[in-house]
Amino acid sequence: MSPAGSSSRDAVQATPAPLSGDAVQDVVVLVSLARQRGLTETDLDELVYEALNAGASRAVNGGARPELSVLDAFDAEHDRADEAAAQINNQGLEAQVEALASEFGIAAAGDLLRDGSLKQSTSQPGTDGVPGPP
96 MSPAGSSSRD
106 AVQATPAPLS
116 GDAVQDVVVL
126 VSLARQRGLT
136 ETDLDELVYE
146 ALNAGASRAV
156 NGGARPELSV
166 LDAFDAEHDR
176 ADEAAAQINN
186 QGLEAQVEAL
196 ASEFGIAAAG
206 DLLRDGSLKQ
216 STSQPGTDGV
226 PGPP
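Start counting the sequence shown at 96; every next residue gets the next number (our numbering).
Rendered as C-alpha cells:
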C-alpha cells in the first residue's frame, strides 16, 4: 500500500516489457519447447513469481520509490510484482513464457524450460531450435 501523497507512477513497472522483433518468434519456439516437455501453466507459476520479484528487487536496489523508506519500497514493489505475476499466470503458458523471456532473456528462459527439475525433458538439448549455451 502506498502512503498518502505517493503516486504509483513513481514505481517501476512490475510487468515485463513486451518483446519485439525476432524475440517474438523466439518466444513461439520457447512455448513449443515447453509443450514438448509437457510443461503446463502450473509448472511455471513459481518461476514467474520469482522472475517478477527479482525485477522488483532490482528496482528497489536501483532506487525505485524514493519517497518511501527502503522497507516500504520493498513491500510496495514486491506487492506489485506478485499482482503482476498472478495476472500473467492466469493468462496461460504463452504469457508465462513471454514474461520469463522478457525478464531473463531468450537463452536463459530456454535454459529454465530445459531444467530437469521442472519435468523430465523429452527433447535432446541443443536440438530444439532454442538458443542455449555453446
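Backbone N, C-alpha and C fix where the C-beta goes; we use that ideal spot for every residue, glycine too.
Computed from a predicted model, the values in this text were never measured in an experiment.
Taking the Cα of Val123 as reference, the smallest distance to any Cα among Gly211, Ala204, Ser212 is reached at Ala204.
Between Leu195 and Leu134, the CB-CB gap reaches or exceeds 9 Å. Taking the C-beta atoms as reference points, Ala149 is found no nearer than 9 Å to Glu172. Per DSSP, Gly205 is one residue of the alpha helix (DSSP H) stretching across 201–209. When only Cα atoms are considered, Leu128 and Asp170 end up about 35 Å apart. In the DSSP annotation of this structure, the continuous segment of the alpha helix (DSSP H) that includes Glu178 starts and ends at 165–186. Closest in alpha carbon position to Glu145, among Asn184, Ser164, Ala202, is Asn184. Going by DSSP, Ala129 is part of the alpha helix (DSSP H) stretching over 117–131. If you draw a straight line from the Cα of Ile201 to the Cα of Gln186, it is about 20 Å long. Distance from the CA of Arg132 to the CA of Ser164, rounded to the nearest whole angstrom, comes to 44 Å.
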